[in-house]
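Peer 1: What follows is a single structure, and I will ask about it in a moment.
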Amino acid sequence: MTTEIDAPEQEPAPPKIRTCLRCQAPFESAWAGERICKPCKSTHAWRSGEGVRTVSNRAGGGSSSGKSSGS
Ligand SMILES: [Zn+2]
Numbered sequence: 001m002t003t004e005i006d007a008p009e010q011e012p013a014p015p016k017i018r019t020c021l022r023c024q025a026p027f028e029s030a031w032a033g034e035r036i037c038k039p040c041k042s043t044h045a046w047r048s049g050e051g052v053r054t055v056s057n058r059a060g061g062g063s064s065s066g067k068s069s070g071s
């Protein structure tokens, strides 16, 4: 006896694991627009809207990374 359950396919976008754009930590985003984890959102910086002060724009990219090729 096969009982086919007539379940309506109405799933309002299930939560998806995304990567936070701030701390790069995987979190469960409720919707597609959710790209910032809750901890980050609750931070004062985020709420204040002061912007992220990341001084990573240093002139002259002199990264001397030696090639470590071990055989
Ligand atoms: Zn985060």
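So the sequence shown is numbered by full-length UniProt numbering: it starts at 1 and just counts up by one.
Using N, Cα and C, we set each Cβ at its ideal position, and we do this for glycine too.
Just so we're clear, the structure is a prediction, and the values are computed from it rather than from any experiment.
1. Could you pull the DSSP bridge partners for E28 from this structure?
2. In chain order, what residues of the same chain lie with their CB nearer than 6 Å to the CB of K16, ignoring the 5 residues before and after it?
3. Could you pull the start and end residues of the alpha helix (DSSP H) that K41 belongs to?
4. Which value, in whole angstroms, describes the spacing of the CA atoms of K41 and R22?
Peer 2: Per the coordinate set shown:
1. Here residue 28 is taken as the residue at index 28 of the sequence shown, counted from 1. DSSP lists I17 as partners of E28.
2. Position 16 of the sequence shown, counted from the start, is the residue given in the question as residue 16. Within the same chain, S29 come within 6 Å of K16 by CB-CB distance, once the 5 residues on both sides are set aside.
3. Your numbering for residue 41 matches position 41 in the sequence shown. Start and end: 38 to 41.
4. Residue mapping note: residue 41 aligns to position 41 of the sequence shown, counting from 1. Residue mapping note: residue 22 aligns to position 22 of the sequence shown, counting from 1. Roughly 9 Å between the two C-alpha positions.
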